[in-house]
């Protein structure tokens, strides 16, 4: 009986050592976290319709006046899948606004999440018959650079008002 007890204790200790030593399966599963690197404010803006600044969001949250308008009323976003190898200008982003925001005219102040110096509205938010339309804006970045353009696009894609964001592509003339 004593030998069985010692054998059981040694077996349990060996199993515990294997568990605690970090033994892992041969193949590691890579888990991607959807919100990796996003602030609480950005996660909120990704899931709810909110376009105010982060400071205002904190004030609304603390005051208990933060509205949670579900973004399920929005159109499905078009995510830019280009790369830094694409031929585009290093200071402009073309932004298409979701139809839900057709009555809002965006200004530099609305793009608090990126540094822009100029906002040009290319199309109106309503068609001549009064139906909602997607507005198109050209945003000029304060700090030029292809990496900055891509970072700004990824940041804009978080926010509810963005239907699509892409760089200002340079097309070669047909020969």
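Residue numbers (our numbering): 1494 to 1668.
Here a beta-carbon is modelled for each residue, glycine too, at the ideal position from N, C-alpha and C.
Source: prediction; values computed, not measured.
Report yes if the C-beta distance between residue i and residue j is below 9 angstroms; otherwise report no.
i	j	result
residue 1623	residue 1598	no
residue 1539	residue 1651	yes
residue 1562	residue 1541	yes
residue 1635	residue 1610	yes
residue 1593	residue 1625	yes
Examine the ligand NAP and report whether any of its heavy atoms sits within less than 8 angstroms of the Cβ of residue i.
i	result
residue 1650	Of the ligands one can find in the structure shown there are none, so the ligand NAP has no counterpart to examine.
Would DSSP call residue i helix, strand or coil?
i	result
residue 1656	strand
residue 1581	strand
residue 1587	strand
residue 1563	strand
residue 1649	helix
residue 1611	strand
residue 1543	coil
residue 1629	strand
residue 1662	strand
residue 1634	strand
residue 1571	strand
Measuring CA to CA, which of the options is closest to residue i?
i	options	result
residue 1574	1643, 1611 and 1530	1643
residue 1653	1567, 1550 and 1552	1567
residue 1630	1600, 1583, 1572 and 1546	1600
residue 1531	1649, 1656 and 1626	1649
residue 1585	1655, 1638 and 1664	1638
residue 1545	1602, 1583 and 1596	1602
residue 1604	1556, 1554, 1547 and 1557	1547
Have a look at residue i and residue j and give me their C-alpha separation to the nearest angstrom.
i	j	result
residue 1587	residue 1633	9 angstroms
residue 1527	residue 1537	In this prediction, residue 1527 scores a pLDDT of 43, lower than 50, which makes its location untrustworthy; the coordinate-derived value is nonetheless stated afterwards. Their Cα atoms are separated by approximately 13 angstroms.
residue 1577	residue 1662	11 angstroms
residue 1552	residue 1559	8 angstroms
residue 1664	residue 1583	14 angstroms
Indicate whether at least one CB of chain C lies closer than 9 angstroms to the CB of residue i.
i	result
residue 1495	Chain labels in this structure do not include chain C; a single protein chain is all it has.
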